[in-house]
Amino acid sequence: MTKVNREIVVSEALDLLDEVGLDTVSTRRLAKRLGVEQPSLYWYFRTKKDLLAAMAEAAMAPHAAAPLPTPDDDWRTWFLDNTRSFRRTLLIRRDGARLHAGSTPAGDLDRIRRKMDFLVASGVPERDAQMAMLAAGRFTVGSVLEEQADTGPGDGSDPPADMPAIDHESAFEAGLTLILDGLVHRTAARAASLSADDRVTTGGRRVQ
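Each residue of the sequence shown is one higher than the one before, starting from 2 at the first, in my numbering.
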């Protein structure tokens, strides 16, 4: 019998995902690939849902390994780079966006908090930072879902000849820029409001 452990099971499951796609991944196929009996997998994962969650977390490793922001970083540049890193990581695995959708890798929670702290320390209002990170993440997952579902010309769902072809990367960059522009605008408006408040004395008179 092949000697396995949790890490080997997850690694082989991800390789199986790349070969057959998410819909065809099964514990039966995985056990056969590992050379073990199917029930033995329950030593590591009680349910298929648990296995998929572990796969989703492992698949995020390249993004999780990216450096965290530092106080010297420009928050706008970092916001773009962070979201692009997330997209690249989702694209590494077949059906990577579908695998990730709905999951919250436990190992990411501390990194997410530190990223949020960086944005707030850079002057972004806390609520806006939260919503922008959420919007960028969901936009990225949706964008990659569409990209990975696109089988190319000849799949029977080709657009009309007069409709321009969709360039997934360009569409992603355009949408990401719109999200960032909105966040920049709200951050600037908040800064202007605080500056105006600072010019008002406690008695309600403006400082000349």
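The beta-carbon is built from N, C-alpha and C at its ideal position, and this holds for glycine as well.
Quick caveat: nothing in here was measured; it's all calculated off a predicted structure.
Original post:
Which same chain residues, not among the five before or five after Thr84, have their C-beta less than 7 Å away from its C-beta?
Top reply: Ala137, Thr141 and Leu177
Original post:
Looking only at C-alpha atoms, which of Ala192, Arg30, Leu17 and Gln39 sits nearest to Ala122?
Top reply: Ala192
Original post:
Quick one: Cα of Glu13 to Cα of Phe87, how far?
Top reply: Going by the C-alpha atoms only, they are around 22 Å apart.
Original post:
Do the segment 58-75 and the segment 20-36 meet, that is, are 3 or more Cβ pairs less than 8 Å apart?
Top reply: no
**OP:** Can you have a look at Asp16 and say buried or exposed, based on whether 16 or more other CB atoms are within 10 angstroms of its CB?
**Re:** exposed
Subject >> Contact belief for Gln149 with Ala98 at Cβ below 8 Å, rounded distance in angstroms >> reply: 6 Å
Subject >> Under 7 Å between C-beta atoms of Leu110 and Val145 >> reply: no
Original post:
Hey, out of Thr152, Gly143, Asn6 and Leu53, whose CA is closest to Thr28's CA?
Top reply: Leu53
Subject >> Straight-line gap, Tyr43 to Leu69 (C-alpha atoms, nearest Å) >> reply: 35 Å
Original post:
Where does Lys4 sit, in a helix, a strand or coil, going by DSSP?
Top reply: In this structure, Lys4 counts as coil in the three-state DSSP scheme.
Original post:
Under the three-state reduction of DSSP, which class applies to Val125: helix, strand or coil?
Top reply: coil
Subject >> Buried versus exposed call for Ile9 [16 or more other C-beta atoms within 10 Å across all chains shown] >> reply: exposed
Subject >> Buried versus exposed call for Val208 [16 or more other C-beta atoms within 10 Å across all chains shown] >> reply: The predicted model places Val208 with a pLDDT of 44, which falls under 50 and marks its position as unreliable, so this point remains unresolved.
Subject >> Where the alpha helix (DSSP H) containing Pro72 begins and where it ends >> reply: Here Pro72 belongs to no alpha helix (DSSP H), and DSSP marks it neither H nor E.
Original post:
Less than 7 Å separating the beta-carbons of Leu120 and Trp76?
Top reply: yes
Original post:
Under the rule that 16 or more other beta-carbon atoms within 10 Å means buried, what is His186, buried or exposed?
Top reply: exposed
Original post:
Considering only C-alpha positions, which residue in the set Met61, Met56, Glu58 and Val5 is nearest to Val37?
Top reply: Val5
Original post:
Between Met2 and Leu135, what straight-line distance do the alpha-carbon atoms span, to the nearest angstrom?
Top reply: Legend: pLDDT at Met2 = 48, less than 50; position of this residue unreliable, value from coordinates given subsequently. So the alpha carbons of these two residues sit roughly 45 Å apart.
Original post:
Are Phe80 and Leu181 close, meaning C-beta to C-beta below 7 Å?
Top reply: yes
**OP:** Decide if Leu195 is buried, meaning its Cβ has at least 16 other Cβ atoms within 10 Å, or exposed.
**Re:** exposed
Subject >> Asp96 burial status per 10 Å Cβ neighbour count (16 or more: buried) >> reply: buried
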